[in-house]
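Each remark here refers to the structure printed beneath this line.
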Ligand code: ADP
Ligand code: ASP
Ligand code: MG
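Residue numbers (this note's numbering): -4 to 417.
Given below as structure tokens:
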């Protein structure tokens, strides 16, 4: 008998018919002799709708109350899904994050998991029932509801799979698996059969929202095999496994395995910084204190003004206000002239373990972008990734051209079963 964790995303439970369809899949898995723990997201675009509603009430909702509001979305879906599974003749019980024992720190809206006390879930499955757990939420030491950040139900699923030593963590979504690019943007994207944790981490960290970044980090740390697949079909999806397991595959795979795009970042340029040792350290200490997550950094020394440099970096748009306010607040101490903000930028990334052993990858990327007449504003690299900042208006076009240039186009068009892509 296997223990399977199944996670269903918002588009898989968008309405009552979808909830019934998912309930049948859960019941069938249970009837096949498995223990089943289910993690469920809020229905359809519920989380977005709740955020919009809060913004109609106030431009600055308190973080604690925002989390109480957002956790309501998953409470609705978990209760309805448990009812639907019971209706299939299989006993099922719904639990909030708190009831399921998911403990987090205090950072409302972006809480980290501190641990899981899965006794109640264990008792439920030992009694022969299915446990249905609300994704994306936990409880902090003040007994308050917290959320794990957008897309966080994936992380709930992998964390439970690790805590329960599950055999597999199935992530059900609205596409057939992990593709070489977002199929909504690149219709010729090809489905991958196996991916390494490493490559998936790079894709998830750079905009491929099919998996929450921390879910992949957890899976890698605790060696949880993930199977990303569609809740709308029975097709085999994409397996995400340890780097060594898929090493052989990496040897034969194309140099680039994926193209990711990200429209959620902004650029801050700190202009007129004294070009002395320690200046950058001070700036990034201020950014760090404001909880800014920096991805790319570029520094250039002014030719016309010796001793002065400009430092530009990217942060998520959601952190822009706080980071700019912190920098302005420390202006006297940092000694810069002005701050320039570009609210919307496009980041295109190519990822592939094959980059380690192949040359000419950057040349091909830059010549493709050059052929489109696209200017590259910033660049960052890792051992298996190159990211560039380009005009956000032309990001989709750039993703398609780069996908083609690296020989990733598939013969057939990828299927997107549902969801609004919001
Ligand atoms: P869920 O509601 O199931 O959590 P998400 O909307 O969070 O689903 O994630 C699935 C979506 O991720 C897909 O519909 C697709 O548009 C997008 N996506 C982005 N990059 C990729 C990729 N490389 N492979 C597959 N899907 C991707
Ligand atoms: N409902 C949350 C969101 O929309 C969590 C999730 O779906 O993973 O971000
Ligand atoms: Mg998701």
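C-beta: ideal position from N, C-alpha, C; glycine also.
Can you have a look at residue i and say buried or exposed, based on whether 16 or more other CB atoms are within 10 angstroms of its CB?
i: residue 34; result: buried
i: residue 298; result: exposed
i: residue 165; result: buried
i: residue 55; result: exposed
i: residue 271; result: exposed
i: residue 13; result: buried
i: residue 300; result: exposed
i: residue 388; result: exposed
i: residue 226; result: buried
i: residue 347; result: buried
i: residue 121; result: exposed
Take residue i and list the residues in its own chain whose beta-carbon comes closer than 7 Å to its own, dropping the five residues that flank it on each side.
i: residue 393; result: 343, 364, 367, 369 and 385
i: residue 237; result: 192 and 218
i: residue 323; result: 334
i: residue 156; result: 0, 164 and 219
i: residue 296; result: 270 and 304
i: residue 396; result: 363 and 367
Counting only the same chain and skipping the five closest in sequence on each side, list residues whose C-beta sits under 6 Å from that of residue i.
i: residue 183; result: 404 and 405
i: residue 5; result: 36, 37 and 39
i: residue -3; result: 29 and 162
i: residue 277; result: 329
i: residue 202; result: 255, 256 and 257
i: residue 373; result: 291, 293 and 384
i: residue 408; result: 182
i: residue 318; result: 282, 285, 287 and 310
Consult DSSP for residue i and reduce its assignment to one of helix, strand or coil.
i: residue 391; result: helix
i: residue 398; result: helix
i: residue 145; result: coil
i: residue 71; result: helix
i: residue 81; result: helix
i: residue 292; result: strand
i: residue 356; result: helix
i: residue 335; result: strand
i: residue 283; result: helix
i: residue 106; result: coil
i: residue 224; result: strand
i: residue 345; result: strand
i: residue 253; result: strand
i: residue 9; result: coil
i: residue 362; result: helix
i: residue 131; result: coil
i: residue 97; result: strand
i: residue 44; result: helix
i: residue 165; result: strand
i: residue 417; result: coil
i: residue 23; result: helix
i: residue 153; result: helix
i: residue 117; result: helix
i: residue 31; result: strand
i: residue 262; result: strand
i: residue 190; result: strand
i: residue 380; result: strand
i: residue 326; result: helix
Can you tell which of the options has the C-alpha that lies nearest to the C-alpha of residue i?
i: residue 162; options: 168, 169 and 152; result: 152
i: residue 205; options: 228, 215, 128 and 235; result: 235
i: residue 320; options: 281, 53 and 136; result: 281
i: residue 279; options: 295, 210 and 306; result: 306
i: residue 252; options: 261, 92, 267 and 233; result: 233
i: residue 354; options: 378, 331, 335 and 336; result: 378
i: residue 73; options: 88, 64 and 323; result: 88
i: residue 80; options: 125, 1 and 382; result: 125
i: residue 136; options: 121, 120, 96 and 116; result: 96
i: residue 327; options: 92, 373 and 268; result: 268
i: residue 123; options: 134, 27 and 140; result: 27
i: residue 359; options: 409, 196 and 250; result: 250
i: residue 139; options: 58, 185, 17 and 409; result: 58
i: residue 289; options: 10, 308, 352 and 274; result: 308
i: residue 91; options: 63, 101 and 255; result: 63
i: residue 311; options: 332, 284 and 340; result: 340
i: residue 302; options: 325, 331, 285 and 287; result: 331
i: residue 100; options: 274, 401 and 144; result: 144
i: residue 168; options: 222, 361, 382 and 352; result: 222
i: residue 102; options: 198, 357 and 141; result: 141
Once the 5 residues before and after residue i are set aside, which same chain residues still bring their CB inside 8 Å of it?
i: residue 212; result: 196
i: residue 160; result: -2
i: residue 315; result: 261, 263, 336 and 338
i: residue 113; result: 95, 96, 155, 158 and 159
Any 3 or more C-beta pairs closer than 8 Å across the stretch 29 to 46 and the stretch 139 to 152 = yes
query = Do the stretch 119 to 137 and the stretch 185 to 197 make contact, defined as three or more Cβ pairs closer than 8 Å?
reply = no
ask   = Are at least three pairs of beta-carbons, each pair with one atom in the stretch 47 to 58 and one in the stretch 108 to 121, less than 8 Å apart?
value = no
request  = May I ask you to verify whether the stretch 68 to 86 touches the stretch 8 to 27, counting CB pairs closer than 8 Å and requiring at least 3?
outcome  = yes
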